[in-house]
Amino acid sequence: MASNRSLVTTYADDVKLWRTGGDWAGLAAILLAYLIVPHVVTSDFWLGILNYAGILAIGAIGLNLLTGYTGQASLGHAFFLGVGAYTAGYFGGQYTQSKEFSFFGLFSVEGPLPMPVWIVLAAVIGALIGALVGPFALRLRGNYLAVVSVGLVFVGTHIFKSWSSVTGGRSNLQVDPVSTIGSLDFRDLNVLGSQYTKQQGMFFLIWFMVLIVALLSKNIVRSRPGRAMQAVRDRDIAAEIIGVDTARYKIQAFAVSSAIAAVAGALMMNYEQFASPDRWDLFLSIQFVAIIIVGGVGTIFGSIIGAVTIWATPEVVKWLTGSGYMPYIYETGGSINRSDSAMVPVLLGTIGLGLVAVAVWRWTAGSRSVAIATGVLGLVALLGIPFGDTAIIGVDQFNGILFGALIVLFLLVEPRGLAAVWIRIKNSFRMWPFSY
Amino acid sequence: MSTTLLEVSDITLRFGGVTAINDVSFSVDEGELFAIIGPNGAGKTSMFNCLNGVYRPQQGTILLNGENIIGYKPTRIAKLGIARTFQNLGLFTNLNVVDNLMLGRHMHMKSGFLSAAVWFGRTRNEEIAQREACEEVMRLLELEPYRNTLVGLLPYGVQKRLELGRALAMEPRILLLDEPVAGMNHEETEDMARYLLEIRGQLNTTMIMVEHDMPFVMDLADRVMAIDFGQRIAIGTPEQVRTDPAVVAAYLGGDQ
Numbered sequence: 000m001a002s003n004r005s006l007v008t009t010y011a012d013d014v015k016l017w018r019t020g021g022d023w024a025g026l027a028a029i030l031l032a033y034l035i036v037p038h039v040v041t042s043d044f045w046l047g048i049l050n051y052a053g054i055l056a057i058g059a060i061g062l063n064l065l066t067g068y069t070g071q072a073s074l075g076h077a078f079f080l081g082v083g084a085y086t087a088g089y090f091g092g093q094y095t096q097s098k099e100f101s102f103f104g105l106f107s108v109e110g111p112l113p114m115p116v117w118i119v120l121a122a123v124i125g126a127l128i129g130a131l132v133g134p135f136a137l138r139l140r141g142n143y144l145a146v147v148s149v150g151l152v153f154v155g156t157h158i159f160k161s162w163s164s165v166t167g168g169r170s171n172l173q174v175d176p177v178s179t180i181g182s183l184d185f186r187d188l189n190v191l192g193s194q195y196t197k198q199q200g201m202f203f204l205i206w207f208m209v210l211i212v213a214l215l216s217k218n219i220v221r222s223r224p225g226r227a228m229q230a231v232r233d234r235d236i237a238a239e240i241i242g243v244d245t246a247r248y249k250i251q252a253f254a255v256s257s258a259i260a261a262v263a264g265a266l267m268m269n270y271e272q273f274a275s276p277d278r279w280d281l282f283l284s285i286q287f288v289a290i291i292i293v294g295g296v297g298t299i300f301g302s303i304i305g306a307v308t309i310w311a312t313p314e315v316v317k318w319l320t321g322s323g324y325m326p327y328i329y330e331t332g333g334s335i336n337r338s339d340s341a342m343v344p345v346l347l348g349t350i351g352l353g354l355v356a357v358a359v360w361r362w363t364a365g366s367r368s369v370a371i372a373t374g375v376l377g378l379v380a381l382l383g384i385p386f387g388d389t390a391i392i393g394v395d396q397f398n399g400i401l402f403g404a405l406i407v408l409f410l411l412v413e414p415r416g417l418a419a420v421w422i423r424i425k426n427s428f429r430m431w432p433f434s435y
Numbered sequence: 000m001s002t003t004l005l006e007v008s009d010i011t012l013r014f015g016g017v018t019a020i021n022d023v024s025f026s027v028d029e030g031e032l033f034a035i036i037g038p039n040g041a042g043k044t045s046m047f048n049c050l051n052g053v054y055r056p057q058q059g060t061i062l063l064n065g066e067n068i069i070g071y072k073p074t075r076i077a078k079l080g081i082a083r084t085f086q087n088l089g090l091f092t093n094l095n096v097v098d099n100l101m102l103g104r105h106m107h108m109k110s111g112f113l114s115a116a117v118w119f120g121r122t123r124n125e126e127i128a129q130r131e132a133c134e135e136v137m138r139l140l141e142l143e144p145y146r147n148t149l150v151g152l153l154p155y156g157v158q159k160r161l162e163l164g165r166a167l168a169m170e171p172r173i174l175l176l177d178e179p180v181a182g183m184n185h186e187e188t189e190d191m192a193r194y195l196l197e198i199r200g201q202l203n204t205t206m207i208m209v210e211h212d213m214p215f216v217m218d219l220a221d222r223v224m225a226i227d228f229g230q231r232i233a234i235g236t237p238e239q240v241r242t243d244p245a246v247v248a249a250y251l252g253g254d255q
């Protein structure tokens with residue numbers, strides 16, 4: 000059993016988040032990576048990918064609380080990112096003339112408001128709107144709820160287009176939200192004598208928020224409200240009978256999920272400094288659903304690795320294509336130019352031989368159908384080497400196919416997502432050298 | 000003389016033209032083990048669903064300690080102290096044993112989203128205190144070996160026991176047991192009987208049980224009510240009910 004290296008002797012020990020030495024090492028590794036990554040990966044391109052993935056990760060945690068833990072499918076998530084973005088733009092944006100905000104006539108503050116304030120405001124407004132919309136979801140579940148929640152995106156886009164005094168309407172909104180805490184300006188970060196670029200500063204800001212949101216969410220799901228949410232998901236009648244008010248938890252989960260989405264939206268506005276009403280569309284919502292499917296439904300950690308996977312994969316493909324490493328794919332709007340590259344045959348050869356090796360291995364292990372499928376794929380890759388510089392598909396179309404293929408692959412092969420794969424790997428190491 | 004805890008009078012439940020329960024009355028005393036028997040479709044589970052608020056009967060009153068609970072939502076009835084197990088198990092299969100028991104403690108806890116997110120302080124103290132209460136239930140029902148096992152992976156008999164445990168964790172005044180030994184082998188049935196007697200002995204919980212296993216019912220119950228086609232056909236001690244001609248006719252056929 001796994002417990003022999005982590006004997007629990009008190010209840011206080013049993014409720015700890017970090018219990019074993021391995022857990023603490025994991026935490027240390029995460030914190031170290033947080034500090035080191037922006038120093039090692041200095042290129043704006045790669046940091047930009049990580050930063051955007053971080054924002055998506057926050058939004059995905061929000062969706063996972065609602066869909067993964069409470070079982071309420073939603074395709075309206077993008078709307079709440081929009082709400083957060085415009086909240087940040089409105090309250091935190093820097094304006095040419097000073098702007099005054101009056102709060103219910105009680106007191107008024109001169110804008111733009113500081114960063115912690117507009118982040119909290121985004122969360123509060125997101126939660127309020129989520130709590131207003133939540134009750135409409137009570138009578139629906141599953142596919143019906145998903146379809147109805149699509150409406151939210153369209154209504155939202157319409158509101159964002161019409162309410163131009165806040166959102167800029169059709170002419171879009173271009174702001175420069177305050178991103179300073181005290182003397183720390185994350186756009187132009189200078190700490191302990193080191194000067195950082197905008198992307199580096201944003202990395203520190205965004206991934207700090209990812210860690211905070213992940214920790215708070217983990218705390219929610221491992222205690223009373225989180226258990227109640229999962230009870231609602233698994234068996235709502237049984238939940239009612241043990242005293243869990245299912246309607247209340249559905250609405251609260253909706254509010255919390257929306258609040259987190261709004262924080263992601265606020266950070267997105269701060270990062271892109273630009274928002275158009277069409278930005279918060281159905282595709283963004285679908286992207287979040289894809290993230291939690293690939294990452295792991297009902298896990299916090301999975302939301303983060305799912306976001307990085309879903310966002311980074313197409314970017315990496317684009318980068319590989321631009322560098323001439325991808326067979327058959329041409330850059331959209333560009334021509335194929337890889338006369339100087341020996342990478343394509345090498346890549347195809349490696350993939351082909353690898354697949355053939357897997358096919359042989361599976362054949363000897365007795366799973367014939369898998370062996371035949373991978374074998375055919377491997378042979379196709381090997382036979383394709385001479386034609387590797389023939390462009391047949393644009394990189395954007397390819398990425399579209401890849402996006403769909405990833406979702407289908409995970410739903411078929413590992414419905415519990417990358418998080419489950421990770422746990423399997425971790426357990427096999429924990430048990431080492433005994434396999435069970 | 001024991002006091003009446005639950006008094007059901009003239010309950011009638013209809014689904015459209017079908018009358019599932021027709022004018023049934025009975026009362027259960029504090030600390031009593033009361034059994035409801037009857038052939039399939041007699042309305043036993045429907046009666047449970049009325050008692051804990053899932054169905055709302057069209058007529059009659061259900062007095063719990065003198066308070067009419069008809070029309071109350073299931074959560075409110077749970078707070079008043081009626082707990083229940085299901086015929087086909089109502090466990091949360093993606094959670095482990097401890098989490099299922101902790102959900103039984105849900106009403107006895109207070110943490111909301113904000114204090115849970117902060118964790119330190121109220122939520123942590125509450126988790127530790129309630130974890131201890133769950134441990135007591137596990138000790139009583141010998142569930143300790145399965146503490147961190149996902150419920151979906153447990154054998155059926157253990158799941159049945161866990162569901163009883165989750166109901167017990169609510170610290171109910173009345174425990175509704177819907178076929179506690181259905182599908183169990185002889186040994187598991189004897190274990191369940193032992194657990195029920197232990198619960199009675201230690202906690203003096205009032206129990207209402209629906210069960211088809213006649214030897215089990217006749218051995219354990221203080222009083223038995225037989226219903227057929229939604230109507231009460233007999234009520235009394237196990238001995239009286241067993242020999243009642245109407246009950247024999249309901250089970251074996253024949254005219255009354």
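Protein chains in written order, with numbering that gives the first Met the number 0: chain A, 0 to 435; chain B, 0 to 255.
In this text, a Cβ means the ideal position worked out from N, Cα and C, and glycines have one as well.
For the stretch 90-169 of chain B, the continuous alpha helix (DSSP H) assignments of 4+ residues that do not extend past its boundaries occur at 96-103, 112-117, 121-139 and 155-168, in sequence order. Look at S222/A: its C-beta is under 7 angstroms from a C-beta on chain B. For E6/B, the enclosing beta strand (DSSP E) begins and ends at T3 to F14. With a 10 Å radius around the Cβ and a threshold of 16 neighbouring Cβ atoms, Y68/A comes out buried.
Around the C-beta of T349/A, fewer than 16 other C-beta atoms lie within 10 Å, and the residue is accordingly described as exposed. A direct Cα-to-Cα measurement between W117/A and V123/A gives close to 10 angstroms. Exclusion of the five residues before and after R160/B leaves L140 as the residues of its chain whose Cβ lies within less than 6 angstroms of its Cβ. Under the DSSP assignment, F202/A falls in the alpha helix (DSSP H) whose first and last residues are K197 to V220. Taking all protein chains in view, the Cβ of H105/B is crowded by 16 or more other Cβ atoms within 10 Å, so the residue is classified as buried. Bounds of any alpha helix (DSSP H) do not take in E413/A, whose DSSP letter is neither H nor E. Under the Cβ distance rule, Q229/A counts among the residues neighbouring chain B, one pair being separated by less than 7 angstroms.
With at least 16 other beta carbons inside 10 angstroms of its own, I250/A counts as buried. Three or more Cβ pairs drawn from the stretch 5-21 of chain B and the stretch 41-50 of chain B lie within less than 8 angstroms of each other, which places the two stretches in contact.
The beta carbon of P326/A lies closer than 6 angstroms to those of V343, L347 and G387 in the same chain, with the five residues before and after it left out. By the rule that beta-carbons nearer than 7 angstroms mark a contact, G242/A touches chain B.
Cα atoms of S73/A and F397/A: separation of roughly 27 angstroms, rounded to the nearest angstrom. Residue pairing of L46/A in beta bridges, as defined by DSSP: absent, with no partner found. In chain order, A115 make up the part of chain B whose C-beta sits under 8 angstroms from the C-beta of G225/A. DSSP, reduced to helix, strand and coil, places V296/A outside both helices and strands of the structure shown, so it counts as coil. For L215/A, the nearest CB of chain B lies under 7 angstroms from its own CB, placing it at the interface with that chain.
For the pair G242/A and M101/B, the Cα-to-Cα distance works out to about 12 angstroms. Against chain B, the CB of E239/A has a partner CB under 7 angstroms away; the residue lies at that interface. Looking at the DSSP output, S193/A shares a beta bridge with V190/A. Below the 8 angstroms Cβ cutoff, chain B contributes no neighbours of R138/A, its closest Cβ being approximately 16 angstroms away. Of all residues in the stretch 174-201 of chain A, none comes within less than 9 angstroms of chain B when Cβ atoms are compared. 7 angstroms or more divides the Cβ of A233/B from the Cβ of A220/B. Taking the CA atoms as reference points, Q286/A sits about 8 angstroms from I309/A.
Between R231/B and V23/B a beta carbon distance of about 5 angstroms is seen, short of the 8 angstroms cut, so the two are scored as contacting.
The beta-carbon separation of I35/B and V209/B, rounded to 5 angstroms, stays under the 8 angstroms limit for a contact.
Under the DSSP definition of a beta bridge, E239/A lacks any partner.
Of the residues assessed, Q198/A falls on the buried side of the cut-off, its CB having 16 or more other CB atoms within 10 angstroms.
Where T9/A is concerned, there is no enclosing beta strand (DSSP E), because DSSP gives it neither an H nor an E. In the structure shown, A41/B adopts coil according to DSSP, grouped into three states. Look at V343/A here: in three-state DSSP terms it is helix.
Across the stretch 58-80 of chain A, no CB contact with chain B closer than 7 angstroms is found for any residue.
For chain B, the residues of the stretch 247-267 of chain A that bring a beta carbon within less than 7 angstroms of one of its beta carbons are Q251 and V255, in chain order.
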